[in-house]
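**Q** This is the structure I have questions about; it appears just below.
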Amino acid sequence: MRIAAAIIGVIGIVLAAYVNWAWTQYSSYTVAAEGVVSQRTPTFCAVRLEGDQPGGHASVELQYSVISGTRSDAPPEGGPEFNLGDTVTLVHPPGQLSQARLKEGFAPAVPPWPGWLGLGLVAVAVVFLLAGRRRRSASSAT
Numbered sequence: 000m001r002i003a004a005a006i007i008g009v010i011g012i013v014l015a016a017y018v019n020w021a022w023t024q025y026s027s028y029t030v031a032a033e034g035v036v037s038q039r040t041p042t043f044c045a046v047r048l049e050g051d052q053p054g055g056h057a058s059v060e061l062q063y064s065v066i067s068g069t070r071s072d073a074p075p076e077g078g079p080e081f082n083l084g085d086t087v088t089l090v091h092p093p094g095q096l097s098q099a100r101l102k103e104g105f106a107p108a109v110p111p112w113p114g115w116l117g118l119g120l121v122a123v124a125v126v127f128l129l130a131g132r133r134r135r136s137a138s139s140a141t
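For the sequence shown, position 33 (counting from the first letter as 1) is numbered 32 according to my numbering, and the numbering increases by one without interruption.
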């Protein structure tokens, strides 16, 4: 019973910790910035972003795959239009222009429910441990 409770507890802690980490990362994207589409072909899109970094003012050019979090270097068909010279709203952590993401559609890596599930698993593990102790203490008392 103790081994099962330990395994359930560890799984619960890992789930809760991962969700907490993902939401902490998501909440660090607090700075909004305007980027300009600097390169555009049917198969490629890049956005130039200027702003302050720890070393001073910087200019960064980011491919669409970076700012969208996808593996495609071009916006999908039927998605938002990105024409040369258009202004795009991006969000990034303070002082980290190279981690900018599109503001539209930016969401945390995981929904919150796995974290709640993880906390529930930890609670179940604690109940299993307490039940096992009570059973052992009741059997040793007789």
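All C-beta atoms in this analysis are idealised placements derived from N, C-alpha and C, irrespective of residue type, glycine included.
Might you give, ordered along the chain, the residues of its own chain that have their beta carbon closer than 8 Å to the beta carbon of SER71, omitting 5 neighbours on each side?
**A** Here the set comprises TYR63, SER64.
**Q** What's the C-alpha gap between LEU83 and TRP112?
**A** Going from the Cα of LEU83 to the Cα of TRP112 covers about 40 Å.
**Q** Beta-carbon of SER58 versus every beta-carbon of chain B: anything under 8 Å?
**A** Checking the listed chains, one finds no chain B in this structure; it contains a single protein chain.
**Q** Within 8 Å, do at least three Cβ pairs link the stretch 23-40 to the stretch 85-92?
**A** As far as the Cβ criterion goes, the stretch 85-92 touches the stretch 23-40, which means the pair count is three or higher.
**Q** Taking DSSP as the reference, what is the three-state secondary structure of SER37?
**A** Three-state result, SER37: strand.
**Q** So for ALA108, helix, strand or coil by DSSP?
**A** Looking at ALA108 - three-state DSSP - the assignment turns out to be coil, as it is neither helix nor strand.
**Q** What span of residues does the alpha helix (DSSP H) with THR23 cover, start to end?
**A** Its alpha helix (DSSP H) spans residues 1-26.
**Q** In angstroms, rounded to a whole number, what distance separates the CA positions of GLY68 and GLY131?
**A** Distance between the alpha carbons of GLY68 and GLY131 is about 47 Å.
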